[in-house]
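Take any residue in the sequence shown, note its place counting from 1, add 1, and you have its number in this note's numbering. For reference, the structure discussed in these notes is given below.
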Amino acid sequence: MMHPQTSAGTRSDFTKSEGMTWMRATATAVGTQQNYAQYSLIGGMVPVEGEYHVRLTAHAEGGDGMARCYVRQPDFTYLPCYVVNIPDGQTIVIERAIRVPAGCGDLVVRICPAAVVGATAMMSRISIEAADTYEIASGGGLPSFFTAQTAPY
2 MMHPQTSAGT
12 RSDFTKSEGM
22 TWMRATATAV
32 GTQQNYAQYS
42 LIGGMVPVEG
52 EYHVRLTAHA
62 EGGDGMARCY
72 VRQPDFTYLP
82 CYVVNIPDGQ
92 TIVIERAIRV
102 PAGCGDLVVR
112 ICPAAVVGAT
122 AMMSRISIEA
132 ADTYEIASGG
142 GLPSFFTAQT
152 APY
């Protein structure tokens with residue numbers, strides 16, 4: 002099972018809006034570390050080496066937020082796959098191609114609220130799909146490696 006993780010100074014909860022369950026990250030303190038809530042695929046849940054397509058819906062309030070994705074390389078360093086700005090008060094769909102290296106130990110999908118106490122960022126409808134099946138389906142539709150409406154596990 003996956004469990005959401007948060008940084009110090011961030012509270013994570015789940016809320017329903019627009020018929021979706023969202024993982025919400027709220028900044029409770031601002032310091033030197035970025036505030037975030039994330040899902041991590043680890044161990045046997047990490048996709049095999051290859052090209053993948055990540056899609057999610059994100060929203061920010063109280064300042065611009067960010068959506069990020071990382072993979073942990075075999076040397077235990079984290080390689081950023083994408084960083085996308087989420088404008089304050091807007092809901093956006095993020096679609097990015099990522100590469101998972103051989104021996105990847107972790108794949109992280111992260112949401113970051115603005116560095117303002119009380120700011121929030123949310124994500125829902127997270128999908129990680131092999132790039133070739135995504136292209137064939139022209140917008141998805143074939144089985145994904147991982148799909149979640151961001152329900153609390």
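Every residue gets a Cβ at the ideal spot worked out from N, C-alpha and C, and that includes glycine. It should be emphasised that the depicted structure is a prediction, and the values quoted were computed from it without experimental measurement.
Check: Reducing DSSP to helix, strand and coil, say where ALA132 ends up.; Outcome: helix
Check: Would you list the residues sitting across from CYS105 in a DSSP beta bridge?; Outcome: Note: CYS105 sits in no beta bridge, so no partner.
Check: Less than 8 Å between the C-beta atoms of ILE129 and VAL55, yes or no?; Outcome: yes
Check: Have a look at TYR71 and CYS82 and give me their C-alpha separation to the nearest angstrom.; Outcome: 5 Å
Check: Assuming VAL117 is part of the beta strand (DSSP E), what are its boundary residues?; Outcome: No beta strand (DSSP E) contains VAL117, which DSSP labels as neither H nor E.
Check: Taking 8 Å as the threshold (C-beta atoms), are SER8 and ARG25 in contact?; Outcome: no
Check: Which term fits GLN34, buried or exposed, when burial requires 16 or more other beta carbons within 10 angstroms of its beta carbon?; Outcome: exposed
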